[in-house]
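Worksheet: one structure, shown below.
Residue numbers (the UniProt record's numbering): 1 to 171.
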């Protein structure tokens, strides 16, 4: 138990130190064209919402809000941009149904190690979820967006939900 407390304290301290970094450089239009990120170059299916979110070793998602249309097909991709192992800094995304208490879910998930930190009795609480991944890995999940409304999302790895959470907004 002391080891877990020490590990969590170390992770929190490391995230504070790492989050004090400098400014991010913005890409020029020429760089965007080279990288193929210009919208005109992408073939996009308007019926599918392709969402990409990244988590890092500082226990942070790069987005706090994801938006889709009700009933729309959704492809949600999670990228772990860090380097730490899945057992130390694993990340996933769990979108909770409306009315599910994020804190209670996160606390319950912390004890579900054998099930990828998803409580075994939580099937009725989840809209969609990705599998747990470690540094450098990517995973995706496809699902139909639920009814219009605002849904919470989180990383269910122990202690991460305090920082790694956001809103999944269905319009």
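We put the beta carbon where it would ideally sit given N, CA and C, even for glycine.
It should be emphasised that the depicted structure is a prediction, and the values quoted were computed from it without experimental measurement.
Beta-carbon proximity check, residue i vs residue j, cutoff 8 Å
i           : j           : result
residue 170 : residue 70  : yes
residue 102 : residue 165 : yes
residue 158 : residue 128 : no
Given residue i as reference, the closest of the options once Cα atoms are compared
i           : options          : result
residue 125 : 75, 76, 151, 158 : 151
residue 142 : 58, 65, 61, 78   : 78
residue 108 : 59, 160, 51      : 160
residue 91  : 74, 113, 47      : 113
residue 93  : 120, 61, 121     : 61
Rounded straight-line distance, which links the Cα of residue j to that of residue i
i           : j           : result
residue 136 : residue 83  : 6 Å
residue 97  : residue 123 : 10 Å
residue 49  : residue 134 : 25 Å
residue 130 : residue 138 : 10 Å
residue 72  : residue 86  : 31 Å
residue 115 : residue 89  : 16 Å
residue 117 : residue 59  : 16 Å
residue 132 : residue 80  : 10 Å
residue 119 : residue 95  : 14 Å
N-terminal and C-terminal residue of the beta strand (DSSP E) that residue i is part of
i           : result
residue 126 : 126 to 129
residue 77  : 73 to 80
residue 169 : 165 to 170
Residue interval of the alpha helix (DSSP H) (run including residue i)
i           : result
residue 94  : Taken as a continuous stretch (DSSP letters only), residue 94 belongs to no alpha helix (DSSP H), being part of the beta strand (DSSP E) at 94 to 96.
residue 153 : That residue, residue 153, is in no alpha helix (DSSP H); its beta strand (DSSP E) goes 149 to 154.
residue 52  : Looking at the DSSP string, residue 52 is not in any alpha helix (DSSP H); the run it does join, the beta strand (DSSP E), is 48 to 55.
residue 106 : 102 to 109
residue 118 : Residue 118 -> no alpha helix (DSSP H), and no H or E assigned at all.
Close beta carbons around residue i, own chain, < 8 Å, minus the five adjacent residues each side
i           : result
residue 66  : 51, 53, 76, 153, 166, 167, 168, 169
residue 148 : 70, 170, 171
residue 47  : 72, 73
residue 144 : 71, 72, 73, 74
Close Cβ partners of residue i (< 7 Å) along its chain, the five nearest in sequence each way excluded
i           : result
residue 34  : Bear in mind that a pLDDT of 44 at residue 34, under 50, signals an unreliable position, so the number given afterwards is only what the model happens to contain. If we look at residue 34 and ignore the five residues flanking it on each side, it has no Cβ neighbours.
residue 106 : 154, 156, 161
residue 146 : 127, 170
residue 30  : Residue placement at residue 30 is flagged as unreliable, the pLDDT there being 48, under the threshold of 50; the coordinate-derived value follows with that caveat. Hits under 7 Å: none found.
Beta-carbon proximity list for residue i, same chain, < 6 Å, skipping 5 on both sides
i           : result
residue 100 : 125
residue 57  : 82, 84, 89
residue 23  : Per-residue confidence for residue 23 stands at a pLDDT of 48, beneath the threshold of 50, marking its modelled position as unreliable; no derived number is given.
residue 55  : 61, 80, 91
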